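Chemist: In the working numbering, each residue carries its 1-based index in the sequence shown increased by 25. Even for Gly, the Cβ is constructed at its ideal location relative to N, Cα and C. The structure displayed is predicted, hence computed values, not measured ones. Below are the structure tokens for one structure; questions will follow.
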Amino acid sequence: MNTHTYSFSQFSKHFIFSLLILLTLSCGQDGQDGAQGPMGEPGPPGPTTPPINTEPATSLTVTITGVEINSAPVVHFSISDQNDQAFTSLTAPRFSLAKLIPGANGDSDAWQSYINRTEDADGNGPGTETKIQATQDRNGTLVNHNDGSYTYTFANNITEITTPLPVNYQPELTHRLAIQISGNDQPTTNSIYTWRPSDQATTGILTHDIVKTESCNSCHDGLAMHGGGRINTQLCVTCHNPGSTDANSNNSLDFKVMIHKIHRGKFLPSVLAGNEYAIWGYRDSKHDYSEVSLPMNIRHCSKCHDSEDPVTVDAIKWQTTPTIAACGSCHDDVDFALGKDGGHPGGVMDDNSECTVCHRAGGFVGSIADSHKIDTLVASKNFKFNILSVTRTRANDMPQVTFSITNPQNNNESYDILNDNEFTAANRASRIAIDLAWNTNEYSNEGSGSPVSNAVSLNPLANAFDNGDGSFTVTSNVAIPDNQMGSGAVAVEGHPAVDLDGDGVYSDRVPVKSEVAYFSITDDEAVARRQIVAIEKCQACHVNLSMHGANRNDNTELCVMCHNPSATDISKRNPPSADGLKERSIDFKRLIHSIHASEMRTSPFIVYGFGGSEHNFSHVTYPGKLNNCETCHINNSYQLPLAVTVQGSTIDTGASLTDREDDLKITPTAAVCSSCHDDYLSKAHMEQNGGASFATSQSAIDNHDVVETCTFCHGPDGIKPVKTAHGIE
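So, in structure tokens, the structure goes:
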């Protein structure tokens, strides 16, 4: 076989000459191309590449595929975006790793981080000693495989942790890895992986799921802590361990202790005694929780610890595993080590081993659930208000309302409200009222005989007629005015009394859910008042909304009967008032917005109530996203334009408390918006750009002498709809 060796130049000349011959043979005499030859066999597939992100990521899904622990943990995971495309631009993730130590000797199960640090007290608070805090691993090695998958190797070898806190690696225990992705234009994401390293099991292992993030978010509307990067309670507990302490305050950062104390805040025994409850955080920023007031009874433990929820299967442990740390977090005036001298009637307690001797069903003090029971709410289940009929409802008639109060726990047996102890107790312990309001287009209650547009209020305990069948009828002493049209509303509200301590005295008020019904004045059929909010949304934070001394309960349809656009607090004020005002609107749309937005308002929101009592809401801090109108509103009712029946809010009742004609009003849209945006610049914007008025009359509004044009810009088709302005998704 002959072998030829070509130089590069020889090869090039030979290749070009051959190519010219092929081109010449393939061309016809007329210079046109010849026929296309047959298609060749397909070649091997080219290299594959992950889908390219065609738009910014707005959400991320993290899948942790495995964790190897031989020395420094190695984490394998992948990330995709909202379009299920590979996310390839991850930067600066943070990792936490903890083991779940099973409880023994009465202790509860507890997470313990492998990665810890020390914090020195620096004189900002009362603390004087160096303390240990759990932390995250963020300085390890991240490998991006450029297909959406990553490998992260910890900087810490967790099999040899000796400082600042020795933590033994125990692969036979449940472990939790948490990944935090935040900052650098990345959608904030927390991902959790809970498993047992010894056999890689993810099911059938010890768990400690006490509270879920969704429970927090029912009030907080997007829990976001530490700069907004930590949004999942399962991540929180990997660092907020029993041993973590704030050096500046000397307060525990243990999740159960810290969260209990924060939510009881203002009513902690230690705070009531004149102390503060504060924690110093990042860069020594002080977080004072001494004014925090939970918008529900603190004993609603199941609001956070829902044992009926399959996601929080361990929530029942708050009832079965009492500990000094958990109980002492709310009852922080008790020194268990001193026993009776320290406020613990059960004697000296140095550990948790004997807590359930007394604190259990059948124990000396009964179950923990019974100890936290809200007796009046339990008693309220024995009462139901029923509106059976409303007659004589035409103009100039005096309506008659037939109703009953029954016991749902006893086959709906009727109470005798004229003789039963629950309704005849002294000192106003028993109170039932029948309220009448008109009209449902927008309540103003002209002719009710009550000042500043209050509803007609009747006392059936003194004036009802016993129908002999368990029902009662009460007749109004006020006629429906002859100028009223449309429909009206009737309500039963108030509180029976019960004897909770068994001393024979019925003195405990029971907040029974108020009942509302509607009747026709001139309408063919009764028309209900428009519904803007839902009580279920209120209950997400308040659980049981009970106002005015347990009289008005769990029914916003009742609230608006009196808290209408013409209502102010003038009849409750005794000058001089704290805010220097003659009166303040208590129209529901202004009242509720102003209370919940107190923290952003430039002026304090102060309302006067029963007996001239002052209610200053300046301390209120709303726990959710204040700009999310949908937290309370239903059916897009917050969007413009408002219903044409919405009236302006009275800010000055004029010379007569009963004459609506001389009332000074804020136009409807401005009345809503300025309840939160109460600064001068915002008001000027409303007046100059929206035609709003902060000093007009209802007749000027009705006659279109004053016209709001807010809808042009802030309506659904405007340049900045309310939904956009508030950032509502």
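Tell me which residue opens and which closes the alpha helix (DSSP H) that A420 is part of.
Modeler: The residue labelled residue 420 in the question sits at position 395 within the sequence shown. Segment: none, A420 is in no alpha helix (DSSP H) and carries neither H nor E.
Chemist: Anyone know if the C-beta pair for V523 and V537 falls short of 8 Å?
Modeler: Looking up residue 523 in the sequence shown gives position 498. Looking up residue 537 in the sequence shown gives position 512. No. Outside cutoff.
Chemist: Please determine if the segment 240-260 and the segment 270-279 are in contact, where contact requires at least 3 C-beta pairs separated by less than 8 Å.
Modeler: Counting Cβ pairs under 8 Å, fewer than three are found: no touch.
Chemist: When the Cα atoms are used, what is the spatial distance from P98 to Q107?
Modeler: Numbered from 1 along the sequence shown, position 73 holds the residue referred to as residue 98. Numbered from 1 along the sequence shown, position 82 holds the residue referred to as residue 107. For P98 and Q107, the distance between alpha carbons rounds to 29 Å.
Chemist: Check each candidate in I557, T593, K597 and name the one with the smallest Cα separation from N580.
Modeler: Sequence index remark: in the sequence shown, residue 580 carries index 555 (1-based). When only C-alpha atoms are compared, the closest one is I557.
Chemist: Measure the C-alpha to C-alpha separation of S378 and P370 and round it to an integer number of angstroms.
Modeler: On the sequence shown, position 353 is the one that residue 378 refers to. On the sequence shown, position 345 is the one that residue 370 refers to. Going by the C-alpha atoms only, they are around 16 Å apart.
Chemist: Cutting at 7 Å between CB atoms, please list the residues of its own chain near V282, excluding the five before and the five after it.
Modeler: Walking along the sequence shown from the start, residue 282 turns up at place 257. Answer for V282: A350, S354, listed in chain order.
Chemist: Based on Cα-Cα distance, which residue from L486, Q195, G150 lies nearest to H312?
Modeler: Translated into the one-based positions of the sequence shown, residue 312 becomes position 287. Checking every option, the nearest Cα to that of H312 belongs to G150.
Chemist: Going by DSSP, which residues form a beta bridge with R221?
Modeler: Mapped onto the sequence shown, residue 221 falls at position 196. A226, per the DSSP bridge assignment.
Chemist: Can you give me the C-alpha to C-alpha distance between T670 and D687, rounded to a whole angstrom?
Modeler: Position 645 of the sequence shown, counting from 1, holds the residue named residue 670. Position 662 of the sequence shown, counting from 1, holds the residue named residue 687. When rounded, the distance between both Cα atoms is 19 Å.
Chemist: Can you check DSSP and say which residues form a bridge with Y543?
Modeler: As a first step, residue 543 must be located in the sequence shown, where it is residue number 518. DSSP, once it has assigned bridges, lists A514 as partnering Y543.
Chemist: H588 and V697 - do their beta-carbons sit closer together than 8 Å?
Modeler: Along the sequence shown, read from residue 1 onward, the residue named residue 697 stands at position 672. Along the sequence shown, read from residue 1 onward, the residue named residue 588 stands at position 563. Contact flag unset, no.
Chemist: Could you check the C-alpha separation between G752 and R308 for me, to the nearest Å?
Modeler: Stepping through the sequence shown from its first residue, residue 752 is reached at position 727. Stepping through the sequence shown from its first residue, residue 308 is reached at position 283. Approximately 30 Å between the Cα atoms of the pair.
Chemist: List the whole-angstrom C-beta distance separating F719 from A680, where the pair is believed to meet the contact cut-off of C-beta under 8 Å.
Modeler: Residue 719 sits at position 694 when you count from the first residue of the sequence shown. Residue 680 sits at position 655 when you count from the first residue of the sequence shown. Actually they do not touch by this definition, with Cβ atoms about 20 Å apart.
Chemist: Grouping DSSP H, G and I as helix and E and B as strand, with all else coil, what is T74?
Modeler: Here residue 74 refers to the residue found at position 49 when the sequence shown is read from its first residue. For T74, the pLDDT reaches just 47, beneath the cut-off of 50, and the residue's location in the model is therefore unreliable, although a value from the coordinates is still provided. T74 falls in the coil class under three-state DSSP.
Chemist: Can you check DSSP and say which residues form a bridge with T734?
Modeler: On the sequence shown, residue 734 is found 709 positions in, with the first residue counted as 1. The partner list for T734 (beta bridge, DSSP) is empty, contrary to what the question assumes.
Chemist: Quick check on this structure: which residue in T449, N421, N411 has the alpha carbon closest to the alpha carbon of P433?
Modeler: What you label residue 433 is simply residue 408 of the sequence shown in a count that begins at 1. The residue with the shortest Cα to Cα distance from P433 is N411.
Chemist: Are the CB atoms of D460 and S439 within a distance shorter than 8 Å?
Modeler: Here residue 439 refers to the residue found at position 414 of the sequence shown. Here residue 460 refers to the residue found at position 435 of the sequence shown. The answer is no: Cβ separation not under 8 Å.
Chemist: Could you check if S591 is buried or exposed, using at least 16 other CB atoms within 10 Å of its CB as the buried criterion?
Modeler: Residue 591 sits at position 566 when you count from the first residue of the sequence shown. The residue in question, S591, is buried, as its Cβ has 16 or more Cβ neighbours within 10 Å.
Chemist: With a threshold of 16 other CB atoms inside 10 Å of the CB of Y705, please say whether the residue is buried or exposed.
Modeler: Indexing the sequence shown from 1 puts residue 705 at position 680. The residue is exposed, with fewer than 16 neighbouring Cβ atoms inside 10 Å.
Chemist: Where does F719 sit, in a helix, a strand or coil, going by DSSP?
Modeler: To locate residue 719, count along the sequence shown from 1; it is residue 694. In the structure shown, F719 sits in coil (DSSP, three-state: anything other than H, G, I, E or B).
Chemist: Taking the beta strand (DSSP E) that F428 falls in, what are its first and last residues?
Modeler: Looking up residue 428 in the sequence shown gives position 403. Run containing F428: 425-432, per the beta strand (DSSP E) assignment.
Chemist: Using the Cα positions of I744 and C738, report the straight-line distance between them to the nearest angstrom.
Modeler: Locating residue 744 in the sequence shown gives position 719, counting from the first residue. Locating residue 738 in the sequence shown gives position 713, counting from the first residue. Cα to Cα, the separation comes out at about 5 Å.
Chemist: Tell me which residue opens and which closes the beta strand (DSSP E) that R142 is part of.
Modeler: Numbered from 1 along the sequence shown, position 117 holds the residue referred to as residue 142. Note, R142: beta strand (DSSP E), 141-144.
Chemist: In angstroms, rounded to a whole number, what distance separates the CA positions of F102 and D703?
Modeler: Counting from 1 along the sequence shown, the entry for residue 102 is found at position 77. Counting from 1 along the sequence shown, the entry for residue 703 is found at position 678. Roughly 49 Å between the two C-alpha positions.
Chemist: In this structure, how does DSSP classify R163 when only helix, strand and coil are distinguished?
Modeler: Along the sequence shown, read from residue 1 onward, the residue named residue 163 stands at position 138. Correct three-state label for R163: coil.
Chemist: Any chance you could list the alpha helix (DSSP H) runs of at least 4 consecutive residues sitting entirely within the segment 313-394, in chain order?
Modeler: Here the runs fully enclosed are 342-345, 349-355, 380-383.
Chemist: Does DSSP put H658 in a helix, in a strand, or in coil?
Modeler: What you label residue 658 is simply residue 633 of the sequence shown in a count that begins at 1. Correct three-state label for H658: strand.
Chemist: Nearest-angstrom Cα distance between V732 and G740?
Modeler: Against the sequence shown, residue 732 aligns to sequence position 707. Against the sequence shown, residue 740 aligns to sequence position 715. Between V732 and G740, the C-alpha separation is close to 15 Å.
Chemist: Shortest alpha-carbon distance to S84 belongs to which of F179, T160, G519, D210?
Modeler: Locating residue 84 in the sequence shown gives position 59, where the first residue counts as 1. Among F179, T160, G519, D210, the Cα nearest to that of S84 is on D210.
Chemist: Taking just the CA atoms, how far does S121 sit from A203?
Modeler: The count along the sequence shown starts at 1 and reaches residue 203 at position 178. The count along the sequence shown starts at 1 and reaches residue 121 at position 96. When rounded, the distance between both Cα atoms is 5 Å.
Chemist: Can you tell me which of T547, A551, S532 puts its alpha carbon nearest to the alpha carbon of V541?
Modeler: Taking the sequence shown and counting its residues from 1, one reaches residue 541 at position 516. The shortest C-alpha separation from V541 is found at A551.
Chemist: Kindly indicate which three-state DSSP category S105 falls into: helix, strand or coil?
Modeler: As a position in the sequence shown, residue 105 is number 80, starting the count at 1. Three-state DSSP puts S105 in a strand.
Chemist: The beta strand (DSSP E) spanning V499 covers which residue range?
Modeler: As a first step, residue 499 must be located in the sequence shown, where it is residue number 474. It spans 497-500 - the beta strand (DSSP E) in which V499 sits, taken as one unbroken run.
Chemist: Extract the residue ranges of the beta strand (DSSP E) inside the segment 677-705, only unbroken runs of 3 or more that lie entirely within it.
Modeler: Fully enclosed beta strand (DSSP E) runs of 3 or longer: 689-691.
Chemist: Is it the case that the segment 135-148 contacts the segment 187-206, given that we only count it when at least three CB pairs across the two stretches are under 8 Å?
Modeler: Touching, yes.
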